[in-house]
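Those protein sequence lines, which keep their order, are chains A and B. Using this note's numbering, read the first sequence as starting at 1100 and increasing by one per residue. Using this note's numbering, read the second sequence as starting at 384 and increasing by one per residue. By construction, the Cβ of each residue, glycine as well, lies at the ideal position given by its N, Cα and C atoms. Only a predicted model underlies this, so the values are computations on that prediction, with no experimental measurement involved. Note sheet for the following structure.
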Amino acid sequence: DTGVSQNPRHKITKRGQNVTFRCDPISEHNRLYWYRQTLGQGPEFLTYFQNEAQLEKSRLLSDRFSAERPKGSFSTLEIQRTEQGDSAMYLCASSRGAGGYTFGSGTRLTVV
Amino acid sequence: TQLLEQSPQFLSIQEGENLTVYCNSSSVFSSLQWYRQEPGEGPVLLVTVVTGGEVKKLKRLTFQFGDARKDSSLHITAAQPGDTGLYLCAGGNRGNQFYFGTGTSLTVIP
């Protein structure tokens, strides 16, 4: 069990560019979550998958954001036309059922 | 929208002191979790409490869930520098997401 893996760890991009992040959850976990965390704040919920189905999306997830989890394994989070306000730590977590989360180390996005 | 308020926001204490961190909400939660997060890393789950009034101990850490399941506290006895980090509470309902508090940043000075 290697835990939840997120790539890349850091991403610097110019405003207006598209970025994609990847999350590999713990293999036996059927639930996968994306959260966003800015400095001085707790994580904010973005979206949730159970297996391959995206069951819940936050209003924070504008139409520039899209998440997928093909075949119920890894997940990707894409941000199109990035804005400076998108700069944050993007955290992925997985769980088996409704238990506690196991978080990855996150992807730190900086939009310049 | 942050449904959980944590206090204090920042705490700096000397090694060996005791401390308590609070997590309060006007909402009722079916379960509440505490996490510890170090800079540049994701939060790590410490404990889950599900029953009103429940008390759980993890070595020098004592967690309590309020009787009405709206609040919780974390007490650390004889704090050590390794306890330094951001402590987050997170409340969950029968839905599929947890709502996180704003966190308490703890610094333990050797």
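Give the C-beta separation of residue i and residue j to the nearest angstrom, bearing in mind that I take them to be a contact with Cβ-Cβ under 8 angstroms.
i: B:Ser488; j: B:Phe393; result: 5 angstroms
i: A:Arg1108; j: A:Tyr1189; result: Not confirmed; about 11 angstroms, so no contact.
i: B:Gly474; j: B:Ser408; result: 6 angstroms
i: A:Thr1146; j: A:Gln1140; result: With a Cβ gap of about 18 angstroms, A:Thr1146 and A:Gln1140 do not count as contacting.
i: A:Phe1144; j: A:Ser1161; result: About 14 angstroms separates the two Cβ atoms, so there is no contact after all.
i: B:Thr406; j: B:Gly484; result: The question names Thr, but residue 406 of chain B is Cys in the sequence shown. Indeed they touch by this definition, with Cβ atoms about 5 angstroms apart.
i: B:Gly497; j: A:Gly1205; result: Past the boundaries of the shown model lies residue 497 of chain B; chain B is included only from 384 to 493, so the question cannot be answered.
i: B:Tyr482; j: B:Leu387; result: 6 angstroms
i: B:Leu428; j: A:Tyr1200; result: 6 angstroms
i: A:Ile1125; j: A:Ser1193; result: 5 angstroms
i: A:Glu1151; j: A:Pro1169; result: 6 angstroms
Who are the near neighbours of residue i in its chain, counting only those whose CB is closer than 7 angstroms to its CB and skipping five residues on each side?
i: A:Gln1149; result: Asn1129 and Arg1130
i: A:Arg1163; result: Ile1178, Gln1179 and Arg1180
i: B:Phe448; result: Leu415, Val432, Thr434, Gly435, Gly436, Glu437 and Ser455
i: A:Ser1165; result: Glu1177
i: B:Ile459; result: Asn401, Leu402, Arg443, Leu444 and Asp466
i: B:Gln397; result: Ile492
i: A:Glu1127; result: Arg1195
i: A:Lys1113; result: Val1211
Along the beta strand (DSSP E) that carries residue i, what are the first and last residues, could you check?
i: A:Ile1125; result: Per DSSP, A:Ile1125 belongs to no beta strand (DSSP E) and is neither H nor E.
i: A:Asn1117; result: From DSSP, A:Asn1117 is part of no beta strand (DSSP E); its letter is neither H nor E.
i: B:Tyr418; result: Ser414 to Gln420
i: A:Thr1209; result: Thr1206 to Val1210
i: A:Gln1183; result: From DSSP, A:Gln1183 is part of no beta strand (DSSP E); its letter is neither H nor E.
i: B:Leu429; result: Val427 to Val432
i: B:Tyr405; result: Leu402 to Asn407
i: B:Val491; result: Thr487 to Ile492
i: A:Ser1104; result: Ser1104 to Asn1106
What does a CB cutoff of less than 8 angstroms around residue i pick up in its chain, not counting 5 residues either side in sequence?
i: B:Val430; result: Gln416, Trp417, Lys439, Leu441, Leu444 and Phe446
i: A:Pro1142; result: Tyr1134, Arg1135, Gln1136 and Leu1190
Between residue i and the rest of its own chain, which residues show a CB-CB distance below 6 angstroms, the 5 nearest in sequence each way excluded?
i: B:Val433; result: Ser414
i: A:Arg1207; result: His1109 and Met1188
i: B:Val404; result: Leu457, Tyr470 and Thr487
i: A:Asp1185; result: Ile1178 and Val1210
i: B:Glu400; result: Ala462
i: B:Thr494; result: Nothing about residue 494 of chain B can be read from this structure; chain B reaches only from 384 to 493.
i: B:Ser410; result: Leu386
Please determine whether the Cβ atom of residue i lies at a distance below 6 angstroms from any heavy atom of the ligand ZN.
i: B:Pro391; result: By its list of ligands, the structure shown contains no ligand whatsoever, and the ligand ZN lies outside what it can speak to.
Cβ contact (3+ pairs, closer than 8 angstroms) linking the stretch 1175-1185 of chain A and the stretch 1119-1126 of chain A: Cβ pair count under 8 angstroms is three or more, so yes.
Segments of 4+ residues assigned as alpha helix (DSSP H) that fall wholly inside the stretch 434-484 of chain B: For secondary structure counted as the alpha helix (DSSP H) over 4 or more consecutive residues, the stretch 434-484 of chain B holds no complete run.
Secondary structure, beta strand (DSSP E): runs of 3+ residues fully inside the stretch 1132-1161 of chain A: Listed in chain order, they are 1143-1149 and 1152-1156.
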